[in-house]
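For what it's worth, UniProt numbering labels the leading residue of the sequence shown as 1, then goes sequentially. C-beta: ideal position from N, C-alpha, C; glycine also. Below you'll find the structure, written out as C-alpha cells, and then a few comments.
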Amino acid sequence: VPRPFVLRPPLMEWMRVAMAHAGHRRGLTVDSDDVRQAARLFLPGVDCEPRLLKTDDCFCAWRRLDARAAEGRFLQDLAFRMLNCGRTDLVKQAIALLGPAGVDTLNDQGMTPLMYACACGDEAMVQMLIDAGARLDMEVPGDPHVLPSVHPGTRHWTALSFATLYGHLSIAQLLLEAGANVEGSLKDTDDPNYAETPLQLASAAGNYELVSLLLAKGANALVSTVQRNGIAAATPGDMNSFSQAASHGHRNVLRKLLSQPEKKQEDVLSLEEILAEGAGGPGGFGVGVSAEGQGGRVRVRALQEAMYHSAEHGHLDVTMELRGKDVPWTLHVWLESLHTSCVQSRSAATVALLDEFASVRAGGVHFTELMLARGLPLLFDMLRGQQNEAITQRVADILSQCYGPQPVPKIPEDHTPLGARLDPHFVNNREMSDVTFIAEGRPLYAHKVLLVTASPRFKALLTGGGSSVDQCRSIEIGEIKYHILELLMRYVYYGGVEEVKIADEDILELMSAASFFQLDALQLHCEQLCSRAISYSNAAGLYRHAKRLQKVGAGQLAVFCEGYFLKHMPSLLSGEDAFRALVLGRGGRG
1 VPRPFVLRPP LMEWMRVAMA HAGHRRGLTV DSDDVRQAAR LFLPGVDCEP RLLKTDDCFC
61 AWRRLDARAA EGRFLQDLAF RMLNCGRTDL VKQAIALLGP AGVDTLNDQG MTPLMYACAC
121 GDEAMVQMLI DAGARLDMEV PGDPHVLPSV HPGTRHWTAL SFATLYGHLS IAQLLLEAGA
181 NVEGSLKDTD DPNYAETPLQ LASAAGNYEL VSLLLAKGAN ALVSTVQRNG IAAATPGDMN
241 SFSQAASHGH RNVLRKLLSQ PEKKQEDVLS LEEILAEGAG GPGGFGVGVS AEGQGGRVRV
301 RALQEAMYHS AEHGHLDVTM ELRGKDVPWT LHVWLESLHT SCVQSRSAAT VALLDEFASV
361 RAGGVHFTEL MLARGLPLLF DMLRGQQNEA ITQRVADILS QCYGPQPVPK IPEDHTPLGA
421 RLDPHFVNNR EMSDVTFIAE GRPLYAHKVL LVTASPRFKA LLTGGGSSVD QCRSIEIGEI
481 KYHILELLMR YVYYGGVEEV KIADEDILEL MSAASFFQLD ALQLHCEQLC SRAISYSNAA
541 GLYRHAKRLQ KVGAGQLAVF CEGYFLKHMP SLLSGEDAFR ALVLGRGGRG
C-alpha cells in the first residue's frame, strides 16, 4: 500500500490514525499500541505485532461514576489483574473481589477471567477457574449497546474460541473434557451462526492438531458463519471450515476435514436451496449436482464455497485438489484458476484447466457478462503471449467452442438502387463522353452527369473542389488498373452488379476501387464474393485486406473473417503459417 508520507507525517495525521485504531477496538483512550499501529501505516519498513488481549485501564470512564460504583469497578479491575498475573494461590481472593457474578464476571471488553486465561495459555489458571465453577460456554456479548468496548471480532466467542485462536492445544483439550461445547456459542448446527466456530478458527490458522481434536469431539465442518448483516448462510461469501482452510492454503488441514465422514441429514430442499440450485454459483454457471457420491447437497455447496475461496486467494493446488474430489466448477472459479496458472507460469496446470472446460460446459454453460468481459479477453491474451503449443491448441479449441456450432452470418446484400443509369452502349464511348479517365496510360471515356450522382467522391473529382463540371476534362487515376476501372464504370452505367462479370482474381482490386470511389453497394457485393470464396489458405490475406479497407469504412468482410477465424481456429492454427503469423506473431510459431 503506498504511504503518503515517507518521513515526518504531520502530528494531526498521527492523532487521527491512532484515534481510529482506538475506536476500532472500542477503546476509551489512545495507548502505545495504537501509536505503533499508526507507525506501521505511516513509516516504510515499520511493523508491529498484533494487539494482545489484556485488561485495559478505564479510569477516564470511571470519572462519570459515583463513589460506590467506581469502587466496585476498581475492585473488579484489581481482581482481573490478580487472575491474569498467573498466581493460582490468589484465585479465591480475586473471586471474592469480583462481585455478585463471581468468576463469570464480564469486564468492559466482554470477557471473563476464564477467557483471558485461555488466551494467555495459563493451563493451571484455567483448571483452577474450572474447579471454581466458571461457565465454560459463556460467550462475549454481541450487543454493542451493553458493552461498547467489546471488540467486534470477538462477539459470541467462548473460552474454547480463545484457546483455539492462540493455538493452546492442552487448554482446548482440558475445556472439552470438562464439557465445553465443541461448536463454541452455537447450540444447534441448524441455527444461524454469527461467530466463527473453534473448528473454523483452527482451520484458518492451519493448526492440524487442534483440527483433529475438534473433529474427534464431534465438530461439524459444514457449519457456516452468517454475515453480520444477517444474510442467509447459503449466499456466496459465508465461511465454513473447508473455506477457511482453503482460503489460507492449508492442504493438510483440508485433507483432514475431507476425510471426515459426513453426518447424515434429511434430503429435503428448502425454497432457498431450490433457488440456489437454479441460480448456480459465483460466476454464473449453474451446475446440477446429484446428492449421491459427494455426500449430499450441503457438502457439495460447502466444498464449492471452499473452491471459490482457494481460487480467490491464488491457492491453485488447493483448487485442483478439490476439483479432484469431483467438486463442480463455476465460471468464476475456473477463470480465476486459469489466470493464476498463467501468472505463475505453470504450464501443466494450465493444460489441465483448459481440458476441464468440457466439464464446465457440461453443466449447461451459457455465456454471461463475466465470460464476455473477462473470459474471452483472458483466452485471447493467453493465445497471443503463449509459447506452449499444447496450450495454444487448447485455447483455440475453446474459442471455437465459444463461437458455437452455428454458421458464420452471411454479409447482407445492399439492394439500394444506384440512381440514374445509361445504356451500356455509352460505356467507354469516346464520341458521347465529356470526361476522360487515364489509367495505366490508357483513356477511359465517361459522362459527368451520370458520375456526379453516383457517389460523393466522383462529384468531388469532377467538380474540382467547387469549380464547374465543365472545367474538368481529363483525370488521371494512378493506382487502379485499367480493366478494374472499366468494371467499375460498367457497374455505374448498368446501375447494379447483375450484368457485371467479375473474375475471382479481380475481386480484391475492385473492392479497393469501390471503396476509393465510395460505391458502397459495389464494395459490399465484392465483400460478399470474398466471403463465399474464403478458405483456410486465403483467410489471412482477405482479413489483412479487409482491415486496410476498414479504416475508410469497410467493416463487413473484416467481421465475417473474424467469425470465420473463431469457428475454424484449431484447423487454421494447425495448418496455416500465414494465419499463425497473423494471430500469434512471432513468425507464426507458437
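Since residue i sits in a beta bridge, which residues does DSSP pair it with?
i, result
"residue 442", "439"
"residue 476", "438"
"residue 225", "239"
Output yes or no for whether 8 Å exceeds the beta carbon distance between residue i and residue j.
i, j, result
"residue 12", "residue 30", "no"
"residue 161", "residue 198", "yes"
"residue 156", "residue 142", "yes"
"residue 398", "residue 353", "no"
"residue 489", "residue 427", "yes"
"residue 169", "residue 209", "yes"
"residue 351", "residue 394", "yes"
"residue 257", "residue 247", "no"
"residue 455", "residue 370", "no"
"residue 150", "residue 109", "yes"
"residue 330", "residue 314", "no"
"residue 152", "residue 396", "no"
"residue 564", "residue 408", "yes"
"residue 356", "residue 299", "no"
"residue 514", "residue 526", "yes"
"residue 88", "residue 125", "yes"
"residue 75", "residue 103", "no"
"residue 302", "residue 222", "yes"
"residue 391", "residue 560", "no"
"residue 596", "residue 171", "Within the shown structure, residues of the chain are numbered from 1 to 590, placing residue 596 beyond reach of any answer."
"residue 136", "residue 159", "yes"
"residue 99", "residue 133", "no"
"residue 337", "residue 388", "no"
"residue 475", "residue 506", "no"
"residue 304", "residue 327", "yes"
"residue 21", "residue 38", "yes"
"residue 374", "residue 584", "no"
"residue 462", "residue 444", "no"
"residue 403", "residue 567", "yes"
"residue 220", "residue 167", "no"
"residue 550", "residue 413", "no"
With 16 other CB atoms within 10 Å as the buried threshold, where does residue i fall?
i, result
"residue 85", "exposed"
"residue 15", "exposed"
"residue 145", "exposed"
"residue 557", "buried"
"residue 509", "buried"
"residue 81", "exposed"
"residue 252", "exposed"
"residue 203", "buried"
"residue 537", "exposed"
"residue 183", "buried"
"residue 307", "buried"
"residue 580", "buried"
"residue 535", "exposed"
"residue 48", "exposed"
"residue 8", "exposed"
"residue 497", "buried"
"residue 10", "exposed"
"residue 511", "buried"
"residue 604", "Nothing about residue 604 can be read from this structure; the chain reaches only from 1 to 590."
"residue 46", "exposed"
"residue 332", "buried"
"residue 531", "buried"
"residue 400", "buried"
"residue 279", "At residue 279, the pLDDT of 48 sits below 50, so the modelled position is not reliable; the number obtained from the coordinates is stated separately. Looking at its Cβ environment, which holds fewer than 16 other Cβ atoms inside 10 Å, residue 279 is exposed."
Minimum length 4: unbroken alpha helix (DSSP H) runs contained in the region 8–40: 11–24
4-residue-minimum alpha helix (DSSP H) runs that sit fully inside the region 105–163, ordered along the chain: Within the region 105–163, the complete alpha helix (DSSP H) segments of 4 residues or longer fall at 113–120 and 123–131, listed in chain order.
Touching by the beta-carbon criterion (3+ pairs, under 8 Å), the region 430–442 and the region 476–493: yes
The region 486–503 / the region 374–392 touching (three or more Cβ pairs under 8 Å): The region 486–503, when compared against the region 374–392, does not touch it at the 8 Å Cβ threshold.
Complete alpha helix (DSSP H) runs within the region 516–587 (minimum length 4 residues, chain order): Taking only runs of at least 4 residues, the alpha helix (DSSP H) segments lying wholly in the region 516–587 are 520–533, 539–550, 556–567, 569–575 and 577–584.
Any alpha helix (DSSP H) of 4 or more consecutive residues that is wholly inside the region 333–410: 347–355, 357–361, 376–385 and 389–403
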